[in-house]
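Quick note on UniProt numbering: the sequence shown kicks off at 1 and runs consecutively.
A virtual CB, placed ideally from N, CA and C, is assigned to each residue, including glycine.
Keep in mind the model is a prediction, meaning the values are calculated, not measured.
Note sheet for the following structure.
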Amino acid sequence: MFVTYPAIFYKAIDYEGYVIVFPDFENGATQGDNENDAMYMAQDWLGCVLYDDFLKKKKFPKATPIEDVVIEDDEYSIKEKSFKTLVGIDIADYVKKVDTKTVKKTLTIPSYLNEMGKARGVNFSQVLQDALRQEFDID
Numbered sequence: 001m002f003v004t005y006p007a008i009f010y011k012a013i014d015y016e017g018y019v020i021v022f023p024d025f026e027n028g029a030t031q032g033d034n035e036n037d038a039m040y041m042a043q044d045w046l047g048c049v050l051y052d053d054f055l056k057k058k059k060f061p062k063a064t065p066i067e068d069v070v071i072e073d074d075e076y077s078i079k080e081k082s083f084k085t086l087v088g089i090d091i092a093d094y095v096k097k098v099d100t101k102t103v104k105k106t107l108t109i110p111s112y113l114n115e116m117g118k119a120r121g122v123n124f125s126q127v128l129q130d131a132l133r134q135e136f137d138i139d
């Protein structure tokens, strides 16, 4: 599931980097040392913020159209070197990359399925993982 949100990259006055603000999120800000680092940090911040909502199947905030986003003039940034852009992230991919821990689950299946699976060398854990990924519509 790929999502995008507008972000303002404010060019900082007192150091080389950028402060990134997401208008659609309260207290939505991060920073980066240069444009590449700032984009990486913006994507990571977005992933962190959307992580719980994704797992709980909550609706994400509605994204403001980029043309409605205004770069504010303030005393901490250089407005002429600041810019707005869309920041995107595949949230399902992000969750898979950052949450790699495993959890032991005990489950109950009919005896005949257990016997058939053992006889055929079925990896029950992998079958369950594949079925859950399909159920949750994630790759």
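Where do the N-terminal and C-terminal ends of the alpha helix (DSSP H) with residue i fall, by residue?
i: Y40; result: E35 to L55
i: V69; result: First-last for V69: undefined, no H or E at that position.
i: V98; result: I91 to V98
i: M116; result: S111 to A119
i: V127; result: F124 to E135
Quick check on residue i: buried or exposed, where buried means 16 or more other Cβ atoms within 10 Å of its Cβ?
i: I8; result: buried
i: I66; result: exposed
i: P6; result: buried
i: residue 140; result: Missing from the structure shown is residue 140; the chain here goes from 1 to 139 and no further.
i: I89; result: buried
i: G121; result: exposed
i: S125; result: exposed
i: I20; result: buried
i: T108; result: exposed
i: Y76; result: exposed
i: V103; result: exposed
i: V98; result: exposed
Which partner residues does residue i have in the DSSP bridge list?
i: residue 141; result: Absent from the structure is residue 141, since the part of the chain shown begins at 1 and ends at 139.
i: P6; result: L86
i: G32; result: Y18
I need the straight-line Cα distance from residue i to residue j, nearest angstrom please.
i: A92; j: F25; result: 20 Å
i: K81; j: D68; result: 19 Å
i: Y15; j: L132; result: 46 Å
i: T85; j: D73; result: 17 Å
i: K101; j: V95; result: 11 Å
i: T64; j: E135; result: 31 Å
i: Y112; j: G47; result: 43 Å
i: M41; j: G32; result: 6 Å
i: V61; j: A119; result: Per the sequence shown, residue 61 should be read as Pro rather than Val. About 49 Å.
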